[in-house]
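**Student:** Residue numbers (the working numbering): 5 to 347.
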Ligand code: BDR
Ligand code: CA
């Protein structure tokens, strides 16, 4: 078998429990090479998300990937303080990780993205799992960005599922509707991974226990974080489990999981100040005809999967993907000393 070189990926995130899972997934996926990470305010401030990202990268033994702090505030208005009830005050479910001694790069997330898009012209794949402020800023900085980037995958929106911030708006879009509108109107094809598919592919308590029992610190830390996340989702699902928003978007972006229903349709973002603000208005009128082509449409909206996601996620996270971190767990990272308090 001829081995394919891994594609370069840029991750933009608001790290966040499910963001941490997406980051781990991208580090583990054999066909992805993470070349840069930007952070944005969402679940936590952009600066707090960067700190979590650096600590997670250290735990995973990946000290080489540049992390850039991005937008603190959305394009319009101000950051509203995050989602401590969902992700904990520190963004990662109150799990305390060993502190990385690495700093963020001096570029902003938008600047780093533009630089990497030029460096990997035509090859860079971008996965966006937070509000879309950074990429909207990058589009303003480099109008040729659509020509430079190979693929865009966004976790966000709700096509026909209910929203999770308002009746119709999902968090990543609701936190910066103006940015989302600009990004979805730009000259590129986009894959949108909305709540329709992320709320119907969940991780159960048994999966979490498997992560906790895995013999490396990253898997155990993720298992700890999920304990907090499950505490939020128990009120949505009535049992200990959680949605898998961000890792699912990452898996779809790297082609690790097959989608079933994913029509290419027109999508507009509601930027009014009414009750629809932040809604992704997806034109699903082709539903009863097997989604015939919509001329000019450029947004592939993933509505369902062809296979179960949780086993794939578990298998990827348990693969032998970070020997350096495993070595660290034996030598310096005494489990009693590293307080993974969410366990
Ligand atoms: C999205 O919002 C954030 O809270 C999650 O990390 C995910 O990206 C889900 O609506
Ligand atoms: Ca996120």
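Note that beta-carbon positions come from the ideal geometry of N, C-alpha and C, so glycine has one too.
In chain order, which beta strand (DSSP E) runs of at least 3 residues are fully inside the segment 248–278?
**Tutor:** 271–273, all fully within the segment 248–278.
**Student:** What residue from 39, 263, 49 and 180 has the CA that sits closest to residue 95's CA?
**Tutor:** For the residues 39, 263, 49 and 180, the minimum Cα distance to residue 95 belongs to 49.
**Student:** Tell me the rounded alpha-carbon separation between residue 306 and residue 130.
**Tutor:** Rounded to the nearest angstrom, the two C-alpha atoms are 17 Å apart.
**Student:** With 16 other CB atoms within 10 Å as the buried threshold, where does residue 224 fall?
**Tutor:** So residue 224 counts as buried.
**Student:** With respect to 7 Å, is the separation between the Cβ of residue 48 and the closest non-hydrogen atom of ligand 2 below this value?
**Tutor:** Checking every heavy atom of ligand 2 against the Cβ of residue 48, none is found closer than 7 Å.
**Student:** Residue 129 bridges to which residues according to DSSP?
**Tutor:** Per DSSP, 13 and 155.
**Student:** Could you pull out every unbroken beta strand (DSSP E) segment of at least 3 residues lying fully inside the segment 160–234, listed in chain order?
**Tutor:** 194–197 and 206–208, all fully within the segment 160–234.
**Student:** Alpha carbon to alpha carbon, how far is residue 61 from residue 26?
**Tutor:** About 12 Å.
**Student:** Cutting at 6 Å between CB atoms, please list the residues of its own chain near residue 133, excluding the five before and the five after it.
**Tutor:** Hits under 6 Å: 17, 23, 26, 159, 250 and 253.
**Student:** Does the distance between the C-beta of residue 133 and the nearest non-hydrogen atom of ligand 2 fall short of 7 Å?
**Tutor:** Residue 133: yes, Cβ under 7 Å from ligand 2.
**Student:** Does DSSP put residue 108 in a helix, in a strand, or in coil?
**Tutor:** It is coil, neither helix nor strand.
**Student:** Which word fits residue 210, buried or exposed, when buried means at least 16 other C-beta atoms lie within 10 angstroms of its C-beta?
**Tutor:** Under this definition residue 210 is an exposed residue.
**Student:** Could you have a look at residue 48 and say whether DSSP puts it in helix, strand or coil?
**Tutor:** Residue 48 falls in the coil class under three-state DSSP.
**Student:** With a CB to CB cut of under 7 Å and the five nearest residues on each side skipped, what residues in its chain are close to residue 301?
**Tutor:** These residues qualify, in order along the chain: 268, 269 and 270.
**Student:** For residue 243, is the classification buried or exposed, using 16 other Cβ atoms within 10 angstroms of its Cβ as the cut-off for buried?
**Tutor:** Residue 243 should be labelled exposed.
**Student:** May I ask you to check if the CB of residue 17 is nearer than 7 Å to at least one heavy atom of ligand 2?
**Tutor:** Correct: residue 17 has its Cβ closer than 7 Å to ligand 2.
**Student:** I need the straight-line Cα distance from residue 311 to residue 265, nearest angstrom please.
**Tutor:** Each residue's alpha carbon lies about 12 Å from the other.
**Student:** Residues bridged to residue 42 by DSSP?
**Tutor:** DSSP, once it has assigned bridges, lists 16 and 72 as partnering residue 42.
**Student:** Would the beta-carbon of residue 66 fall within 8 Å of that of residue 20?
**Tutor:** Taking 8 Å as the Cβ cut-off, residue 66 and residue 20 do not qualify as a contacting pair.
**Student:** Could you check what DSSP says for residue 284 in three-state terms: helix, strand or coil?
**Tutor:** The answer is strand: DSSP assigns residue 284 an E or B state.
**Student:** Sort 227, 222 and 208 by Cα distance to residue 216 and report the nearest one.
**Tutor:** Ranking 227, 222 and 208 by Cα distance to residue 216 puts 227 first.
**Student:** Can you grab the Cα-Cα spacing for the pair residue 116 / residue 315, in whole Å?
**Tutor:** Taking the straight line from one Cα to the other gives about 34 Å.
**Student:** Mind checking who residue 305 pairs with in its DSSP beta bridge?
**Tutor:** DSSP, once it has assigned bridges, lists 196 as partnering residue 305.
**Student:** Let me check one thing: in DSSP terms, what residues is residue 37 bridge-paired to?
**Tutor:** Partner(s): 12.
**Student:** Whole angstroms is fine: what's the gap from residue 229's alpha carbon to residue 12's?
**Tutor:** Approximately 28 Å, taken between the alpha carbons.
**Student:** Considering residue 21, what are the terminal residues of the alpha helix (DSSP H) in which it resides?
**Tutor:** 21–32 is the extent of the alpha helix (DSSP H) around residue 21.
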